[in-house]
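Asks:
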Amino acid sequence: MKVHSRRFLVPLFLLPCFAIVSCWNVDGVVKGTITLPCTYQVTDPSVVNIFWRSEKGNILLDIKSGREDLTNQHMKYKGRVSSFPDNYKTGNFSILLKDVSQEDAGTYVCQILPQDRRTTVSLTVSDNPELVSQVVPPSDGAASRSCLHVFILSSLNLLLLYVCQIN
Ligand SMILES: *[C@@H]1O[C@H](CO)[C@@H](O)[C@H](O)[C@H]1NC(C)=O
């Protein structure tokens, strides 16, 4: 009985994680162009700010009050990043990264404020053009393995919040 009720509790408890964090795996090819996905339904794109960052904290793109802001963009990304302003109103804040190199492999975060919604994108880069650029949804078993740490971290985070609140 105890085991059963525990099993039931865990998924319920983890549900809010997905409202805060989502994670994607993207495969790119050297010299190719890839889309880094980030979507969030907003009623008015001019009241949100979007911050695209690399895992080192370098700025790829900011979207402030519905406009691209390139002021503090890292030189590594100069002329290589664009977004889809016509799609902001549908909550699509995805970006395109051009001229991909092996150095671009890694994790990117799209943070949306004030909602503090984060999308993590894990990019792998291949020399082999036969592994065509594609976006793999997080539900796709083996391919989403690199999203697992995001899931674990967000669960831990939530657990900590919970522990702090009851103490
Ligand atoms: C966002 O817009 C781009 C450009 O039109 C498109 O390629 C991409 O599929 C869109 N993403 C979603 C989730 O609709």
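Okay, so the sequence shown: first residue is 23 according to our numbering, each after it adds one. By construction, the Cβ of each residue, glycine as well, lies at the ideal position given by its N, Cα and C atoms.
Could you pull the start and end residues of the beta strand (DSSP E) that residue 106 belongs to?
Replies: Neither: residue 106 is in no beta strand (DSSP E) and is coded neither H nor E.
Asks: Closer than 6 Å by C-beta to residue 12: which residues in its own chain qualify, once you throw out the five before and the five after it? Chain order, please.
Replies: Residue 12 lies beyond the stretch modelled for the chain, which goes from 23 to 189, so this question has no answer here.
Asks: Pull up the distance between the alpha-carbon of residue 119 and that of residue 135, whole angstroms please.
Replies: So the two alpha carbons sit approximately 22 Å from each other.
Asks: Are there any heavy atoms of ligand 1 lying less than 8 Å away from the beta-carbon of residue 67, as far as the coordinates show?
Replies: No, ligand 1 has no heavy atom inside 8 Å of this Cβ.
Asks: Quick one: measure Cβ to Cβ for residue 114 and residue 65, integer angstroms, because I've assumed they're closer than 8 Å.
Replies: Between residue 65 and residue 114 the Cβ distance is about 14 Å, and since that is not below 8 Å, they are no contact.
Asks: For ligand 1, which residues have a Cβ under 6 Å from at least one heavy atom, in chain order?
Replies: 57, 59, 61, 106, 109, 114, 116
Asks: Could you give the DSSP three-state label for residue 86: helix, strand or coil?
Replies: In this structure, residue 86 counts as strand in the three-state DSSP scheme.
Asks: State yes or no: is the C-beta of residue 96 within less than 9 Å of the C-beta of residue 71?
Replies: no
Asks: Excluding the 5 residues flanking residue 77 on each side, which residues of the same chain have their C-beta closer than 6 Å to its C-beta?
Replies: 128, 129
Asks: Between residue 67 and residue 87, what straight-line distance do the alpha-carbon atoms span, to the nearest angstrom?
Replies: 7 Å
Asks: With C-beta atoms as the reference, is residue 43 less than 9 Å away from residue 139?
Replies: yes
Asks: Count the other C-beta atoms from every protein chain shown that fall within 10 angstroms of the C-beta of residue 104, then say buried if there are 16 or more, exposed otherwise.
Replies: exposed
Asks: Output the distance between the C-alpha atoms of residue 132 and residue 100, rounded to the nearest integer angstrom.
Replies: Between residue 132 and residue 100, the C-alpha separation is close to 18 Å.
Asks: Would you grab the beta carbon distance between residue 90 and residue 83 for me? Rounded to a whole angstrom, and I think it's under 8 Å.
Replies: At roughly 6 Å, the Cβ-Cβ gap stays under 8 Å, so residue 90 and residue 83 are in contact.
Asks: Go ahead and label residue 141 buried or exposed: buried means 16 or more other beta carbons lie within 10 angstroms of its beta carbon, across all protein chains shown.
Replies: So residue 141 counts as buried.
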